[in-house]
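Note that the protein sequences, when read in sequence, are chains A and B.
Under our numbering, the first residue of the first sequence carries the number 101, and numbering increases by one thereafter.
Under our numbering, the first residue of the second sequence carries the number 101, and numbering increases by one thereafter.
By construction, the Cβ of each residue, glycine as well, lies at the ideal position given by its N, Cα and C atoms.
Fair warning: this is a prediction, and the values are worked out from it, not measured in the lab.
Protein chains: 2
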Amino acid sequence: MILSKACEYGLRAALHLAATDPASYVPIRTVSEALGIPYPYLAKIAQTLVQHGILTSSRGAAGGIRLARAADVITLKEIVLAMDGPALFRSCVLGLPGCGDERSCPLHDEWAVVRARIETVLAQTTLAALGERLAAGEGRLGTTV
Amino acid sequence: MILSKACEYGLRAALHLAATDPASYVPIRTVSEALGIPYPYLAKIAQTLVQHGILTSSRGAAGGIRLARAADVITLKEIVLAMDGPALFRSCVLGLPGCGDERSCPLHDEWAVVRARIETVLAQTTLAALGERLAAGEGRLGTTV
DNA sequence: ATGAAATGGGATAATCAGGTCCCAATTAAG
DNA sequence: CTTAATTGGGACCTGATTATCCCATTTCAT
């Protein structure tokens, strides 16, 4: 699996917010039910994304989470970095520690191209771009919806 | 992490065989010590690769493992499929089950390009190609060697 | 004020990949 | 024939990820 489950959930939740209600606070429970994500786990993930400045939260009645910035300045890469860290963009495909420093693994150059491609796609795709697509009925985030 | 630890170990072991001694049986213990891979774990991985027709083994004294075919007809993709299965080449980046069947996830098209790139690199790279590189002193498979 | 609705955050449980152990089966060499 | 060296394969242990639970804190509505 390329991304951890927590990261997948975080991306889907952020995309849901961008596509449906970017301006107001939405309870985590609402998001979890819309996307079929376990509520307590999503609450934990939301905490992480708030700490990384991707979401903003409000406690209490009428509280919830929303995007911390406009959807067109939040990239998928930011969310991946927040949830999974930079390993996906840095680490050796054969798992050699220190690959790239002196002598690299024999697949280093070929894989650098793949990694760059992954990074580019995630860095160039904003929540706004995918949110529009979702709002237009193209694509889905839940298993049914 | 793109590949499981077991898959990384399997690739490194196969590359080591291709680069050093493709014709004769090499004890798993020798390979594990050369690459710094835990012996019992590599033994189990070797079992899997034998069952998938990538390695051949011989029991008893003077036994060990070797490539089941010429190094130029074994691709990295084969080894990844044997160890991790086809998920890397098929599954949705957002973890949606059934993505691609009817309505896909909003990132589907962009990610299809990434997946194809990964598959192409692994399918076009043979053990022979990387083995030559290693034999020429370019690249390494162990943390020191 | 009071109560209901929500997140914050630490502790805990369940699941799975990663790694170890043991011994039977097999083979080469002396 | 016996012994040492090796893989085969199942059972087991361990640690990280995934998921849950509990309760304190905050906030809005009445």
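First through last residue of the alpha helix (DSSP H) which encompasses residue i
i: A/T156; result: Looking at the DSSP string, A/T156 is not in any alpha helix (DSSP H); the run it does join, the beta strand (DSSP E), is 155-158.
i: B/G231; result: 227-235
i: B/R166; result: Not the alpha helix (DSSP H): B/R166 falls in the beta strand (DSSP E), residues 164-167.
i: A/P140; result: 139-151
i: B/D121; result: First-last for B/D121: undefined, no H or E at that position.
i: A/A212; result: 208-224
i: B/R240; result: Looking at the DSSP string, B/R240 is not in any alpha helix (DSSP H), and its letter there is neither H nor E.
i: A/M183; result: 176-184
i: A/L188; result: 187-190
Continuous beta strand (DSSP E) stretch holding residue i: start and end
i: B/I128; result: Counting along the chain, B/I128 falls outside any beta strand (DSSP E), though it belongs to the alpha helix (DSSP H) covering 128-135.
Interface partners of residue i on chain A, CB under 8 Å
i: B/H208; result: G239
i: B/R217; result: V213, V214, R217
i: B/P197; result: T243
Test: residue i CB closer than 7 Å to a CB of chain B
i: A/E108; result: yes
i: A/R190; result: no
i: A/L181; result: no
i: A/L129; result: As written in the sequence, residue 129 of chain A is Arg, which differs from the Leu given in the question. Not closer than 7 Å to any Cβ of chain B, the Cβ of A/R129 fails to qualify, so no.
i: A/L234; result: yes
Cβ pair residue i, residue j closer than 7 Å
i: A/T243; j: A/G136; result: yes
i: A/L188; j: A/C205; result: no
i: A/T130; j: A/T175; result: no
i: B/V126; j: A/V214; result: no
i: A/A113; j: A/M183; result: no
i: B/L149; j: B/L142; result: no
i: B/A146; j: B/I165; result: yes
i: B/G237; j: B/A118; result: no
i: A/D172; j: A/A228; result: yes
i: A/R217; j: B/R217; result: yes
i: A/L115; j: A/L207; result: no
i: A/G153; j: A/A168; result: yes
i: A/A223; j: A/K177; result: yes
Contact list for residue i against chain B, beta-carbon separation under 7 Å
i: A/V126; result: What A/V126 touches in chain B: nothing, since even the nearest Cβ is about 18 Å away.
i: A/L115; result: P206
Within chain A, partners of residue i - CB distance below 9 Å
i: B/I154; result: Chain A residues near B/I154: none, gap ~16 Å exceeds 9 Å.
i: B/L103; result: V193, L194, G195
i: B/A248; result: Summary: the structure shown does not reach residue 248 of chain B, with chain B confined to residues 101 through 245, and so no result is reported for it.
Closer than 7 Å to chain A by CB, residue i
i: B/L111; result: yes
Using a Cβ-Cβ cut-off of less than 7 Å, give me the residues of the region 219-232 of chain B that come near chain A, in sequence order.
-> V221, T225, L230
- Task: Could you name the residues of the region 139-170 of chain B whose beta carbon sits closer than 9 Å to any beta carbon of chain A, in the order they occur along the chain?
- Result: none
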